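Chemist:
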Amino acid sequence: MDIVARGIYRINLYRELCKACGLCIAWCPQQVLFPDAQGYPLANAIERCVNCKACERHCPDFAIEVIPPEPESEIADVPSLIHAR
Amino acid sequence: MHGNEAAAEGAIAAGCRFYAGYPITPSTEIAEILSGRLPEVGGVFIQMEDEIASMAAIIGASLGGLKSATATSGPGFSLMQENLGFAVASEIPCVVINVQRVGPSTGLPTKAAQGDVMQARWGTHGDHPIIVLVPSSVQEAYVLTVRAFNLAEKFRTPVIVLMDAIVAQLKEKVELPDTPQVVNRPLPAESPEAYKPFAFTEGGVAPLAPFGREYRYHVTGLLHDEHGFPTEDAEVVSRWWRHMTSKIDAHLDEILQWEEALLDDAEIALVAYGGTARAAAHAVTLARAQGTRAGLFKPLTIWPFPEKAMRELAGRVERIIVPEMNLGQIRLEVERLAGGRAAVEGVNRADGLAITPEQILAAIMKVSRLAA
Amino acid sequence: MKLQNSFILREYLRPQAFPTTWCPGCGLGIVMSSIAQAVHFRGLDKNNVAMVSGIGCTGRMSGYADFNTLHTTHGRAPAFATGLKMARPDMSVIVVMGDGDSMSIGGNHLVHAMRRNIGLTAVVVNNAVYGLTGGQSSPTTPVGGRTSTAASGSFERPMNLETLARAAGAAFYARATVNQTAALTRLIERAMGVSGFALVEVVSNCHVLYGRMNELGDASQMMKSMEEQTRRVNPVLLRRAAAPLRLTSAGSPATPVSTATAQGVHQDPRVPRGVIFERHGSRDYSSRYYAMLEQKARARA
Amino acid sequence: MSYDRRFATTWQLLLDSICTLMGLDANREPPIVLSSLPDLPYQRSGREGAAPLSFIQGPPGRNIALAIGLRAAKPNTPLVLIMSADSITLGTNHLIHAARRNIGMTLLLLRAEVTAAAAVDSMDRAGWDMPAYQRELETASRPLEWASALGASFVARADLEDPDQLAHLLHRAIDTPGFSVIGVTAGAQLQMGVLSENAWPEYFDAYREWTKPLLRLAVAGSQARAAPARSPTHVVPRFEVRIAGLGGHGVKLAGTVLSEAAGFHEGLWATQRGDYGSATRGGPSVVDVVMSSDPITYPAADHPDALIVLSQGAANRFAKDLKPGARVIIDPAEVSSLPAGAIAVPITALAREHTGKPIAAGIVSLGCVAALTDAVSLESLSRSMAAHVPRAIAEKNRAACAAGYAATRAAITGGVHV
Numbered sequence: 000m001d002i003v004a005r006g007i008y009r010i011n012l013y014r015e016l017c018k019a020c021g022l023c024i025a026w027c028p029q030q031v032l033f034p035d036a037q038g039y040p041l042a043n044a045i046e047r048c049v050n051c052k053a054c055e056r057h058c059p060d061f062a063i064e065v066i067p068p069e070p071e072s073e074i075a076d077v078p079s080l081i082h083a084r
Numbered sequence: 000m001h002g003n004e005a006a007a008e009g010a011i012a013a014g015c016r017f018y019a020g021y022p023i024t025p026s027t028e029i030a031e032i033l034s035g036r037l038p039e040v041g042g043v044f045i046q047m048e049d050e051i052a053s054m055a056a057i058i059g060a061s062l063g064g065l066k067s068a069t070a071t072s073g074p075g076f077s078l079m080q081e082n083l084g085f086a087v088a089s090e091i092p093c094v095v096i097n098v099q100r101v102g103p104s105t106g107l108p109t110k111a112a113q114g115d116v117m118q119a120r121w122g123t124h125g126d127h128p129i130i131v132l133v134p135s136s137v138q139e140a141y142v143l144t145v146r147a148f149n150l151a152e153k154f155r156t157p158v159i160v161l162m163d164a165i166v167a168q169l170k171e172k173v174e175l176p177d178t179p180q181v182v183n184r185p186l187p188a189e190s191p192e193a194y195k196p197f198a199f200t201e202g203g204v205a206p207l208a209p210f211g212r213e214y215r216y217h218v219t220g221l222l223h224d225e226h227g228f229p230t231e232d233a234e235v236v237s238r239w240w241r242h243m244t245s246k247i248d249a250h251l252d253e254i255l256q257w258e259e260a261l262l263d264d265a266e267i268a269l270v271a272y273g274g275t276a277r278a279a280a281h282a283v284t285l286a287r288a289q290g291t292r293a294g295l296f297k298p299l300t301i302w303p304f305p306e307k308a309m310r311e312l313a314g315r316v317e318r319i320i321v322p323e324m325n326l327g328q329i330r331l332e333v334e335r336l337a338g339g340r341a342a343v344e345g346v347n348r349a350d351g352l353a354i355t356p357e358q359i360l361a362a363i364m365k366v367s368r369l370a371a
Numbered sequence: 000m001k002l003q004n005s006f007i008l009r010e011y012l013r014p015q016a017f018p019t020t021w022c023p024g025c026g027l028g029i030v031m032s033s034i035a036q037a038v039h040f041r042g043l044d045k046n047n048v049a050m051v052s053g054i055g056c057t058g059r060m061s062g063y064a065d066f067n068t069l070h071t072t073h074g075r076a077p078a079f080a081t082g083l084k085m086a087r088p089d090m091s092v093i094v095v096m097g098d099g100d101s102m103s104i105g106g107n108h109l110v111h112a113m114r115r116n117i118g119l120t121a122v123v124v125n126n127a128v129y130g131l132t133g134g135q136s137s138p139t140t141p142v143g144g145r146t147s148t149a150a151s152g153s154f155e156r157p158m159n160l161e162t163l164a165r166a167a168g169a170a171f172y173a174r175a176t177v178n179q180t181a182a183l184t185r186l187i188e189r190a191m192g193v194s195g196f197a198l199v200e201v202v203s204n205c206h207v208l209y210g211r212m213n214e215l216g217d218a219s220q221m222m223k224s225m226e227e228q229t230r231r232v233n234p235v236l237l238r239r240a241a242a243p244l245r246l247t248s249a250g251s252p253a254t255p256v257s258t259a260t261a262q263g264v265h266q267d268p269r270v271p272r273g274v275i276f277e278r279h280g281s282r283d284y285s286s287r288y289y290a291m292l293e294q295k296a297r298a299r300a
Numbered sequence: 000m001s002y003d004r005r006f007a008t009t010w011q012l013l014l015d016s017i018c019t020l021m022g023l024d025a026n027r028e029p030p031i032v033l034s035s036l037p038d039l040p041y042q043r044s045g046r047e048g049a050a051p052l053s054f055i056q057g058p059p060g061r062n063i064a065l066a067i068g069l070r071a072a073k074p075n076t077p078l079v080l081i082m083s084a085d086s087i088t089l090g091t092n093h094l095i096h097a098a099r100r101n102i103g104m105t106l107l108l109l110r111a112e113v114t115a116a117a118a119v120d121s122m123d124r125a126g127w128d129m130p131a132y133q134r135e136l137e138t139a140s141r142p143l144e145w146a147s148a149l150g151a152s153f154v155a156r157a158d159l160e161d162p163d164q165l166a167h168l169l170h171r172a173i174d175t176p177g178f179s180v181i182g183v184t185a186g187a188q189l190q191m192g193v194l195s196e197n198a199w200p201e202y203f204d205a206y207r208e209w210t211k212p213l214l215r216l217a218v219a220g221s222q223a224r225a226a227p228a229r230s231p232t233h234v235v236p237r238f239e240v241r242i243a244g245l246g247g248h249g250v251k252l253a254g255t256v257l258s259e260a261a262g263f264h265e266g267l268w269a270t271q272r273g274d275y276g277s278a279t280r281g282g283p284s285v286v287d288v289v290m291s292s293d294p295i296t297y298p299a300a301d302h303p304d305a306l307i308v309l310s311q312g313a314a315n316r317f318a319k320d321l322k323p324g325a326r327v328i329i330d331p332a333e334v335s336s337l338p339a340g341a342i343a344v345p346i347t348a349l350a351r352e353h354t355g356k357p358i359a360a361g362i363v364s365l366g367c368v369a370a371l372t373d374a375v376s377l378e379s380l381s382r383s384m385a386a387h388v389p390r391a392i393a394e395k396n397r398a399a400c401a402a403g404y405a406a407t408r409a410a411i412t413g414g415v416h417v
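Protein chains in written order, with numbering that gives the first Met the number 0: chain F, 0 to 84; chain R, 0 to 371; chain Y, 0 to 300; chain X, 0 to 417.
1) With H, G and I counted as helix, E and B as strand and the rest as coil, what does DSSP make of Phe17/Y?
2) Gly220/R and Ala88/R: beta carbons closer than 8 Å?
3) Would you kindly work out how many angstroms separate the C-alpha atoms of Gln190/X and Glu160/X, rounded to a whole number?
4) Run through DSSP, which three-state label would Asp89/Y get?
5) Quick one: Cα of Val363/X to Cα of Ala409/X, how far?
6) Could one say the Cβ of Ser219/Y lies closer than 8 Å to chain F's Cβ atoms, at least one of them?
7) What's the gap between the Cα of Thr91/X and the Cα of Ile104/Y?
8) Is there a C-beta anywhere in chain X that falls below 8 Å from the one on Asn82/R?
9) From the DSSP output, in three-state form, read off Leu69/Y for me.
10) Asp174/X lies in the alpha helix (DSSP H); which residues open and close that run?
11) What does Phe17/Y touch in chain F if you count any residue whose Cβ is under 8 Å from its own?
12) What's the call for Glu201/R, buried or exposed, on a 16-neighbour Cβ count within 10 Å?
13) May I ask you to check if the CB of Tyr272/R is nearer than 7 Å to at least one heavy atom of the ligand SAM?
14) Using alpha carbons as the reference points, say which of Ala185/X, Ser376/X, Thr255/X, Pro323/X lies closest to Val388/X.
15) Closer than 8 Å between beta carbons: that is the criterion. Which residues of the stretch 11-26 of chain R meet it against chain Y?
16) Could you tell me the distance, in whole angstroms, from the CA atom of Pro176/X to the CA atom of Gly38/F?
17) Is the CB-CB distance between Arg61/X and Ile102/X below 8 Å?
18) Measuring only the C-alpha atoms, how far is Met222/Y from Gly351/R?
19) Taking only three categories from DSSP, how would you classify Cys93/R?
20) Specify the secondary structure class of Arg16/R as computed by DSSP and reduced to three states.
21) Between Gly63/R and Lys73/X, is the Cβ-Cβ spacing less than 8 Å?
22) Just mark Phe33/F as buried or exposed, buried being the case when its beta carbon has 16 or more other beta carbons within 10 Å.
23) Asp60/F: buried (16+ other C-beta within 10 angstroms of its C-beta) or exposed?
24) Can you list, in chain order, the residues of its chain whose CB lies under 8 Å from that of Ala325/X, leaving out five sequence neighbours each side?
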């Protein structure tokens, strides 16, 4: 498992489940993810992640997840967190 | 060319102009190829809603005067049995190609087996004669499919081509005849008034008139008289049975086909059919190279079983080995016919893997040591 | 910290069976995830949930879901599920089928399950093609769609499951797409709350076969085109519309159903998604049956 | 299902209506009647010989499917099906698909409909006279509505007590191309007459339209099909090749190219068998090709003369049971533990170098095979490739194949064994 965490959110990539279909990359509205040479996603721009979970919800293989830094209750403040940074 | 392709081309060459089917691995290529080929020759391809409907539709098309066929695999063949029985009882020529896979139920859909040998014989309810052909090469898949249509037309019966996934998926070079010999359906010679569509003959069949303007008649799955009308009269019914069995039994010489290799001086005979016969043929050469006198008996018609030839064989050799990709379906038949004169043994597997020449050779060596 | 996705995977699926046999990018994984989430959001005990599937790519789903699962024969899943539901009326029974499985070989069982209004949640994953056998025409292949049994494009009229379901008497019909995952989950969740036969048709993608044969692009392109090809409908806001039915038998279900195909918008070529119709006051066959038994027992006492 | 004698008159009335079809138009072909009900009134009349109508007493419910085949063979003959509850039980699936496809036939449905809200006698719900409680639990089948919902051409309801109307509707149904259903009731408080109509081409009319361009193609194609088979120019003892890798290595294509090169261009006997797995990418994939100047008995390469290994998994599984003197070629980039005596050829690297894609690994492997045996030449491989590889990339693939050949030759002569 690769864990990428540079900004507010972390992204877990389960390589053993991933089939490199590219859906997460295509659905990410923030261009967080990029394909490597074999087409597997890399979270190269993790700082742009806004925790919309589009990648997670569109992954047919449960191979990617976005993890917020705080308990669920604080997710309502996501926009202000982004601006604060 | 692979086996499914050969069967499809054989159907076209034999004059098949109607195909109804439903996708099922590993027979689907036959449908795919015919979906392209039939429109080219003015025929009809239709993908039906299930196998039950596919079998019914080919019966309807055959009554309309078209040579018709369907192809399927185990689970679909099970669904066809009801209407296959209808075709037997109402004497409708048609061809069913069953590419066997590992069962029961969904089993191993992509793996080869020979588990439908008894289903092809006894799958539908009641007693009935049936013709079942078994190709062991791509060449035979073509030739026997053509033959299946010819026998179906000639004896007015469904004919089953029992392939296995080994032959169906095998690609090999074939040498096809330019124009295969084709039996076409004769029109009745008599007038519509005198026509008996289900005439009881000793060892023959009445020509089947296509439904149309002049010849009107009644077709039923109920046991019927010579005009096709249902009857419960035991005397008529017993004449019907004589007709049904004699039309096959009187022509066994024509229907039965088998091939023999190196049996003249053999002590050990292999009885093998379909994809397994290829490994058996190889095992014979391996055994001969080691000085064991083995030979091969390969039935191409498996139902009716070549009983007379098998009885003769059992009198000639000391041991018979029956390799099959099932738990011993034809071995039962061979044992029955050998009647104790030759010891019969099986080499069996039904796990989706092909029987190898080494496996058969090991069995040959085991019994030849016993013999020595 | 809430690990929603891995939670679904751990709690409702069977990680040891992963990765799935489905092709990369297949919408079936998304459907499976939505079903698991719907079960979770409904707060159901997974010991009391059954998943029954037929044959085909969709049929494999029951192997991955950690419920009571039954992988049956081709097309017969609704019939197996009917038996299960009658034996265990308290159980939530989800039937997952593909388009060929449910509408072609299983058409009879589907129609009669809808007619009986037995309490099943049917998820029909519609990708317009037979996937497992290599891309043959299915009952929902659109006219002109190229398949391996219609190389120059299909000419057959596709099945209209929506009107058939309405005529046959289903309690609930919704259509979702795999690109709208939240809506998909919500619709399945809602279908599971229906008493009676609830059907969710999920438009999915077979980019490997149908997409390639018809040059529709990869998985993400096919999913994105679902956005343009569908439109959201709300049955509450729409009046009863011109279905092709004019006839009614006595007590026909065609009348009380509120339909989504509104007057004035049915020229819109886009396929409606959302709740298409819901029959009010529907009651599951199995609960009606057991109520009848109780009534009889009371009458005897 | 047995025929209910209470309906003998119904039967007679229906056949009378059908027979009026023949009186109307001498040029019309007489209809064929299909039913699962066996009891024919004309049989009881003592007639021998030809029946007044062609009649098929088919299996319950399946008559619809049977009629589809008949329609394909007889495009102009009216087909009239008389069905009862079998149409809504066993036959439901056939009914809905015939309606969807709009196949030209006319269905007369007896008792298969709810005839009144409290029609206790009707056998409409599931095919037999159910106990009352069950009738209350189950919603009735509504085959007319099902057919209409799927766009049947013509849906009507007729009253047996008005035989003229029945005959009229029957004629209209038969004149309408496509699938028609007429519910036949007696004295029911329901709407009679035409209930719905829908314009859509009849299935086989549409089919014939659809196949017109394909028929023309066939004439052009038949001349191009003939390809003379060459007889072998040299004696080749049985030579077994196994290429094993992963999905995405182009293993299946390689098998096809090799077997056809041997079969068509070298005049040898050749077989090809494979296990390609169900996944399109990443699963194990293996192909066996056997070539010989004699006909081939066993068509698998269990003891290969040449084994090409493109993945570690394939090496573990197949690098045993080799024929004495066999050659094993491995791709050192993919296989870490090398079998003794194996020749290392950077197959996937060569594939990438010449075509840019790893899928050409299979084609490179063929070059390796050509270097190991004189059964196939590079020339016949490239001629075989021409039939399977798009023209735009054919040259690149030929180069890839030649690179595999050269690398293998160099490895053998240089003695670069592992």
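Glycine included, every Cβ here is placed at the ideal spot set by N, Cα and C. Predicted model only: the values in this text are computed from it and were never measured.
Modeler: The answer reads as follows:
1) Within the third sequence, numbered from 1, the residue matching residue 17/Y stands at position 18. Here DSSP, grouped into helix, strand and coil, assigns Phe17/Y to coil.
2) Taking the first residue of the second sequence as 1, we reach residue 220/R at position 221. Taking the first residue of the second sequence as 1, we reach residue 88/R at position 89. It is a contact, given that the beta carbons lie within the stated cut-off.
3) Residue numbering aside, residue 190/X sits at position 191 when the fourth sequence is read from its first letter. Residue numbering aside, residue 160/X sits at position 161 when the fourth sequence is read from its first letter. C-alpha of Gln190/X to C-alpha of Glu160/X: approximately 14 Å in a straight line.
4) In the third sequence, the residue the question calls residue 89/Y occupies position 90. The answer is coil: DSSP assigns Asp89/Y none of H, G, I, E or B.
5) The residue given as residue 363/X occupies position 364 in the fourth sequence. The residue given as residue 409/X occupies position 410 in the fourth sequence. Here the C-alpha atom of Val363/X lies approximately 15 Å from the C-alpha atom of Ala409/X.
6) Numbered from its first residue, the third sequence carries residue 219/Y at position 220. Yes, its Cβ sits closer than 8 Å to a Cβ of chain F.
7) Locating residue 91/X in the fourth sequence gives position 92, counting from the first residue. Locating residue 104/Y in the third sequence gives position 105, counting from the first residue. Each residue's Cα considered, the two are about 11 Å apart.
8) Against the second sequence, residue 82/R aligns to sequence position 83. Taking Cβ atoms only, chain X reaches closer than 8 Å to Asn82/R, which makes this a yes.
9) For this step, residue 69/Y is matched to residue 70 along the third sequence. Leu69/Y falls in the strand class under three-state DSSP.
10) As a position in the fourth sequence, residue 174/X is number 175, starting the count at 1. Asp174/X -> alpha helix (DSSP H) spans 162-174.
11) Locating residue 17/Y in the third sequence gives position 18, where the first residue counts as 1. In chain order: Leu16, Asp60, Phe61.
12) Here the question's residue 201/R lines up with position 202 in the second sequence. By the neighbour-count rule (16 or more Cβ atoms within 10 Å), Glu201/R is not buried but exposed.
13) As far as ligands go, the structure on display features none, and thus does not contain the ligand SAM.
14) Position 389 of the fourth sequence holds residue 388/X. Out of Ala185/X, Ser376/X, Thr255/X, Pro323/X, Thr255/X has the C-alpha closest to the C-alpha of Val388/X.
15) Under the 8 Å Cβ criterion, the stretch 11-26 of chain R contributes Tyr21, Pro22, Ile23, Thr24.
16) Here residue 176/X refers to the residue found at position 177 of the fourth sequence. Here residue 38/F refers to the residue found at position 39 of the first sequence. Roughly 53 Å between the two C-alpha positions.
17) For the purposes of this step, residue 61/X is taken as the residue at position 62 of the fourth sequence. For the purposes of this step, residue 102/X is taken as the residue at position 103 of the fourth sequence. Against a cut-off of 8 Å, the Cβ pair of Ile102/X and Arg61/X comes out as no contact.
18) As a first step, residue 222/Y must be located in the third sequence, where it is residue number 223. As a first step, residue 351/R must be located in the second sequence, where it is residue number 352. Distance between the alpha carbons of Met222/Y and Gly351/R: 37 Å.
19) Residue 93/R sits at position 94 when you count from the first residue of the second sequence. DSSP, reduced to helix, strand and coil, places Cys93/R within a strand of the structure shown.
20) As a first step, residue 16/R is located in the second sequence; it is residue number 17 there, counting from the start. In the three-state reduction of the DSSP assignment, Arg16/R falls in the strand class, which pools E and B.
21) As a working note, residue 63/R is residue 64 in the second sequence. As a working note, residue 73/X is residue 74 in the fourth sequence. In contact: Gly63/R and Lys73/X (Cβ atoms closer than 8 Å).
22) Indexing the first sequence from 1 puts residue 33/F at position 34. Classification for Phe33/F: exposed.
23) In the first sequence, residue 60/F corresponds to position 61, counting from 1. Buried, by the Cβ-count rule.
24) In the fourth sequence, residue 325/X corresponds to position 326, counting from 1. These residues qualify, in order along the chain: His302, Pro303, Asp304, Ala305, Leu306.
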